[in-house]
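Residue numbers (our numbering), protein chains in the order written: chain Z, 7 to 458; chain X, 6 to 191.
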């Protein structure tokens, strides 16, 4: 960290002390100070949004911020402030710029990794199941990934899987060792018990994103009987111990209506979830069916509903497939994140199971500068319409071309799927979606009719 | 179980300190000596200094359990000195290689409860504000800490220990005298 960054870090911590005393009054004052300290250009759009939230305190976002102070352990909020705001965003921005300048490659904000392919559940259509049940990244390998990542400025680590909590002892050890990083885990929540919650309270930098599928019926039908009640019980423990958590939801043609219903969102808020991340079903894997892909009408419904909740509900919702406009399209390939599977293969995205680099053979930086990641770097954004961000789902010819050109191989060890096969499944979807996507995009960008 | 693992790691560190300085000791050295893997160390501690921190807290808790009423505070202080001598290499390594202020903080946190209970006992029959009681406590804590710190600066020589008796001699009765001044000027 540079001297100026260190000074700022120190100053910000003092500012936080002040903020903590009376968030409601002091948050707007803090924002004023930040505006004075930071150059105009840094995080300008984000700051503008934040200012608006603070000016009119009678809105859902302010309600969310206030609920954080009442529902979550103060020490954990402080840790989050240091790790997420100071490290994963401010320090990251500075370090990343230097690396990008030198190597002309993408430098991610977050690294997603699968500690294990093992899972204690067997859900229909789960892509993790493809890897089989036996692969693991060792403690030392994950430790090395994080150590390398921090040198590039990455302080945000997100566990996918498999069920990450199958390795909960190691995950706590990693939180403890890398106490300057923020960790998040996509989990089925069945392994969250009182004891683990106490460990989370101790390390303070571990946030679960719990998988739910909408109603009890939908959740149990995909994840097995009793799954829903187990999730509810885990959330009760987390809430009682004042631990932060969110949910992650996969929407398909089958569950889209219930998972995007207002009832469901209200339920999430009442459970105490602070964020809800929505993922579009992806037909990845030789056996994956296309019937589960949402129709254009369904996806449009999702588009409108999530936007509506975002301006009315005290929960942070993101729909990764429909929110490309806020992040400039595809965020994979190391632009904002990358994925490392339990075999060590470094993949551009959790859904793109092709790779030309393995963490057991290359450093992170070498992977970022390898042909596949450079193809992402040079090709992004894959579409000017950010409602069609993905080189697989909405632009299937792009992924095929990149895989062919770079010689990346399928990382699916059970049943390797060719890029042609995978992308072939998306062709019809991509064609059907284009018209709706273009209409919505135009409408949200200087539409004559809506005067936006 | 977890307490036992922590204690085993602490013992390994203490024994390694007989051969190496603190800044030369790696986590690998400790886990090899202890016969556990790296993740076990990190499950419990962030780094070597975190382990040192635990040792001081944990040992001291045990140490002062027998002196909880502080009636014999001389003995309590002597016990601290004895502990520091028994763990000479640990204490001196911390003094020389880590932030000295941290060691001062340990000493303060150990001595403050002792001196605070004495001050409060003496002040029981007097009309003295809480603020002034704390002030007097702090003055005596700082005096004791200064004594200990200087002793460490000279590598904890045995012959300097005689000075502790002189220090007690100075302090005995003086607390009541000092508190009395605050009562007069109220």
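Ideal placement from N, C-alpha and C gives every residue a C-beta, glycine not left out.
DSSP, read as helix, strand or coil, puts residue 202 of chain Z in helix.
Among the residues of chain X, those whose CB is under 8 Å from the CB of residue 182 of chain Z are 47, 48, 49, 50, 51, following chain order. Listed in chain order, the non-local C-beta contacts of residue 325 of chain Z below 7 Å within the same chain comprise 284, 308, 312, local neighbours out to five positions each way being set aside. By the beta-carbon neighbour count (other beta carbons within 10 angstroms, threshold 16), residue 67 of chain X is exposed.
Put simply, of Z/127, Z/446, Z/250 the residue whose alpha carbon is nearest the alpha carbon of residue 227 of chain Z is Z/127. Between residue 429 of chain Z and residue 403 of chain Z, the beta carbon gap of about 7 Å places them in contact (Cβ cut-off 8 Å). Excluding five sequence positions before and after residue 98 of chain Z, the CB atoms of its chain that fall closer than 7 Å to its own CB belong to 115, 159, 160, 161, given in chain order. For residue 179 of chain Z, the nearest beta carbon of chain X is closer than 7 Å to its own beta carbon. The beta carbons of residue 88 of chain X and residue 179 of chain Z sit about 30 Å from each other, so the pair does not count as a contact at 8 Å. Annotation for residue 214 of chain Z: the continuous beta strand (DSSP E) segment containing it runs 212–217. Distance check between residue 214 of chain Z and each of Z/442, Z/37, Z/102, Z/194 places Z/194 closest, using alpha-carbon atoms only. Interface criterion not met: the Cβ of residue 150 of chain Z is under 7 Å from no Cβ in chain X.
Only 43, 44, 47, 48 from the region 15–49 of chain X bring a Cβ to less than 7 Å from some Cβ of chain Z. Under a criterion of Cβ atoms nearer than 7 Å, the residues of chain X adjacent to residue 176 of chain Z are, in order, 44.
Its chain contains 442, 446 as the residues whose beta carbon lies nearer than 8 Å to that of residue 306 of chain Z, once the 5 sequence neighbours on both sides are disregarded; these appear in chain order.
Residue burial is scored here from C-beta neighbours: residue 236 of chain Z has at least 16 other C-beta atoms within 10 angstroms and is therefore classed as buried. Put simply, the backbone Cα of residue 112 of chain Z is about 10 Å away from that of residue 337 of chain Z. Residue 141 of chain Z sits in coil when the DSSP states are folded into three classes, being neither helix nor strand. Comparing alpha carbon positions, the residue from X/146, X/38, X/162, X/123 closest to residue 91 of chain X is X/162. In the three-state reduction of the DSSP assignment, residue 162 of chain Z falls in the strand class. Residue contact check for residue 284 of chain Z against chain X: no CB pair falls below 7 Å.
Here DSSP, grouped into helix, strand and coil, assigns residue 132 of chain X to coil.
In the structure shown, residue 62 of chain X falls within a helical segment according to DSSP collapsed to helix, strand and coil. Within the region 348–417 of chain Z, the runs of alpha helix (DSSP H) that reach at least 4 residues and sit entirely inside it are, in chain order, 370–374, 377–385, 402–412. Counting C-beta pairs closer than 8 Å gives three or more between the region 364–381 of chain Z and the region 100–111 of chain Z, which meets the contact rule.
Per DSSP, the unbroken beta strand (DSSP E) holding residue 116 of chain Z starts and ends at 116–119.
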